[in-house]
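What follows is a single structure, written as C-alpha cells, with notes after it.
In my numbering, the protein residues as written are 17 to 273.
So this is what it looks like as C-alpha cells:
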C-alpha cells in the first residue's frame with residue numbers, strides 16, 4: 017500500500033508544491049479578486065442599484081466555472097513541458113500522490129478560496145456601491161437545491177479540464193475549450209439523429225430533456241418522473257466526472273521522460 021499512497025509522503029509533496037507555487041497562487045488570487053471586483057463593480061454602477069440575490073448567484077456560478085476551468089487546465093503544465101517534466105516525474109512519490117495534489121488544489125481547495133474571495137469582494141462592492149440603497153449579501157447557507165446543479169456542473173467541468181491538462185502538452189485552456197464545445201455540438205447532432213430514428217415525429221430537443229411527440233393538438237410530452245429525472249441529473253455528471261478523472265490518472269501514469 018505504501019508503494020501507491022503514504023499519508024506522510026503525500027503531506028511532504030503537498031507542502032513542497034505549496035512552497036514552490038505560493039507566490040504564483042497569491043498573484044492568481046489577487047487577479048481573481050480584481051476581476052470579480054471589476055465585474056461586480058461595473059454591473060452595480062450601470063444598474064445604479066446593489067445586485068440582488070439572483071444576480072449574485074449567477075455571477076458566482078459563471079465566475080466559478082470560468083476561473084476554475086482555466087486554473088484546472090494549468091495544474092499539470094509542468095508534466096506537459098519537456099523542459100520541466102523531469103523535475104516533476106522524478107520526484108520520489110507515486111503517481112496517485114502527484115495526481116491527488118493537483119486534484120486537491122483544483123477542486124476542494126479552489127472551491128473554498130473562490131467562495132471566500134467572491135464573498136469578500138461582493139460584500140465590499142455592496143457596501144461601497146449601495147449609495148444608501150438597502151442591500152443583502154447572498155446567503156450561501158440557503159437550501160442545497162440551489163447548489164446541486166452548479167456544483168455538479170463544476171465537478172464535470174473540472175474533470176474535463178483536468179483531463180485536458182494532462183493530455184495536451186501546450187495551449188491547454190484553448191484546446192480544452194475547443195474539446196468541450198466540439199463535444200457539445202457532436203452530442204446535439206447525435207442526439208437529434210437518434211431521436212429521429214426512434215421517434216420520427218419528435219421535435220428538436222436538448223439531450224436528456226423531455227420529448228414532444230406529434231403535431232398540433234395531437235402532440236404529447238414524454239418525460240421521466242421527477243424523482244427519476246433528478247436522480248439522473250445527479251448520477252450522470254458524477255459518473256462522467258469519475259470516468260474522466262480515471263482517464264486523467266491513467267494518462268499521468270503513461271508519462272515518461
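Here a beta-carbon is modelled for each residue, glycine too, at the ideal position from N, C-alpha and C.
These numbers were taken from a predicted model, which means no experiment stands behind them.
Query: Buried or exposed for residue 114, please, with buried defined as at least 16 other CB atoms from any protein chain shown within 10 angstroms of its CB.; Result: buried
Query: With a Cβ-Cβ cutoff of 7 Å, do residue 48 and residue 133 count as a contact?; Result: yes
Query: In chain order, what residues of the same chain lie with their CB nearer than 7 Å to the CB of residue 177, ignoring the 5 residues before and after it?; Result: 85, 88, 89 and 192
Query: Taking only three categories from DSSP, how would you classify residue 227?; Result: strand
Query: Taking its Cβ as the centre, do 16 or more other Cβ atoms sit within 10 Å of residue 180, making it buried, or is it exposed?; Result: buried
Query: In angstroms with no decimal places, state the Cα-to-Cα distance between residue 120 and residue 138.; Result: 25 Å
Query: By alpha-carbon positions, which one of 71, 46, 43 and 45 ends up nearest to residue 56?; Result: 71
Query: Just verifying my parser: in three-state terms, what is the DSSP assignment at residue 236?; Result: strand
Query: Tell me which residue opens and which closes the alpha helix (DSSP H) that residue 58 is part of.; Result: 23-63
Query: With the cut-off set at 7 Å, would you say residue 260 and residue 175 are in Cβ contact?; Result: yes
Query: Between the Cα of residue 195 and the Cα atoms of 150, 74 and 173, which residue gives the shortest distance?; Result: 173
Query: On a CA-only basis, which of 69, 117 and 207 is nearest residue 158? Give me that one, please.; Result: 69
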